[in-house]
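Enquirer: Before we start, here is the structure in question, set down as C-alpha cells.
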Amino acid sequence: EDQVTQSPEALRLQEGESSSLNCSYTVSGLRGLFWYRQDPGKGPEFLFTLYSAGEEKEKERLKATLTKKESFLHITAPKPEDSATYLCASREDSSYKLIFGSGTRLLVRP
Amino acid sequence: KAGVTQTPRYLIKTRGQQVTLSCSPISGHRSVSWYQQTPGQGLQFLFEYFSETQRNKGNFPGRFSGRQFSNSRSEMNVSTLELGDSALYLCASSLRGTNTGELFFGEGSRLTVL
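Protein sequences, first through last, are from chains A and B.
Heads up: the first sequence runs through residues 4 to 113, numbered per the working numbering.
Heads up: the second sequence runs through residues 63 to 176, numbered per the working numbering.
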C-alpha cells in the first residue's frame, strides 16, 4: 500500500537553530512530492512541488529536496513564525488523489 | 482574489442524522477535492471533482457522497452519521486538479457527532 511517513512527529527548536524534517514515501510511479504548512485552525497552505530526484526548491528560510525514496524540508535559522505543522504528500501515477503524511509539528522558541 | 470558502464552519449533529457541507472554490478553479482530517488518521482523501465529474474516490463508505455544480461549487453529504465521522472536513480547489499538487484549501468545516 502506498504510504507517506514523516519524522519526527514533533520538533522543538530555538530561534536560529537550523534543522531538517523528513518525509519518506513508498509510492509506485511517483508523480510529485508536495509540501504544505498548516497553522492551527487553518487549512494547509501549499509550499512546494518536487517531481524528480535531485530537484530542490527554496522559499525564504525553507528548502525542499527530493531523493528516490525521501524528501527533506530544511529550515535555516528558523523564526517563531515558522512554528506550524508541516505536511508532505505524494501523488501516484494513476490517481488524482494526494496521500498525506501525518505531519511534523514544529515549535520555534524565541 | 477571494480564497476557498467553506460553510458552515462548525456544526454539531447527532448519530443517525445527515449533514451537507458546502465549498465555493477560487474563481476560475475547476477542480474541487475533499479531505477528512482527524488527529488519529491525519488528512485522508475523500473525492475529487473536475468540471462536474468525479475523477477519483477515496476509501470511504458509500455514506459519503459529493457533487459539483456547473459553477464549480461543490457539496459533500454524509448520511447516517456515526461518532467516528467527527472531523475537520477540508475542501481544496485548484486550476487543473492535483497534477501539480498545488491545492488551495479552505479553513474547513468542523463536524462534531454526538
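Heads up, the beta-carbon is just placed ideally off N, CA and C, and yes, glycines get one too.
The model shown is predicted, which means the values in this text are computed figures rather than measured ones.
Within 7 angstroms of any Cβ in chain B, is that where the Cβ of LYS82 (chain A) sits?
Expert: No, no contact with chain B.
Enquirer: Identify whether GLU73 (chain A) lies in helix, strand or coil by the three-state DSSP scheme.
Expert: Of the three classes helix, strand and coil, the one that applies to GLU73 (chain A) here is strand, per DSSP.
Enquirer: List the residues of chain A that GLU169 (chain B) touches, going by C-beta distances under 8 angstroms, in chain order.
Expert: Under the 8 angstroms cutoff, chain A gives GLY44, LYS45, GLY46.
Enquirer: Given that LEU76 (chain A) touches chain B, what residues does it touch there, using C-beta distances under 8 angstroms?
Expert: By Cβ distance, chain B contributes nothing, its closest Cβ being about 14 angstroms from LEU76 (chain A), past 8 angstroms.
Enquirer: Tell me the residue span of the beta strand (DSSP E) that contains TYR89 (chain A).
Expert: Unbroken beta strand (DSSP E) run through TYR89 (chain A): 87-95.
Enquirer: Tell me the DSSP secondary structure of GLY146 (chain B) in three-state form.
Expert: Of the three classes helix, strand and coil, the one that applies to GLY146 (chain B) here is helix, per DSSP.
Enquirer: If the criterion is Cβ atoms closer than 7 angstroms, does the pair ARG108 (chain A) and THR88 (chain A) meet it?
Expert: Yes; because the gap between Cβ atoms is below 7 angstroms, this pair is in contact.
Enquirer: Considering only DSSP beta bridges, list what GLY128 (chain B) is partnered with.
Expert: DSSP output for GLY128 (chain B) lists B:MET138 as bridge partner(s).
Enquirer: Tell me whether the beta-carbon of THR68 (chain A) lies closer than 7 angstroms to the beta-carbon of ALA56 (chain A).
Expert: Cβ distance not < 7 angstroms, so THR68 (chain A) and ALA56 (chain A) don't count as in contact.
Enquirer: Just confirm the distance between the C-beta atoms of SER86 (chain A) and LEU101 (chain A), as a whole number of angstroms; I'd bet it's less than 8 angstroms.
Expert: 24 angstroms between Cβ atoms; not a contact.
Enquirer: Using the three-state DSSP reduction, which class does GLU48 (chain A) fall into: helix, strand or coil?
Expert: Reduced to three states, the DSSP call for GLU48 (chain A) is strand.
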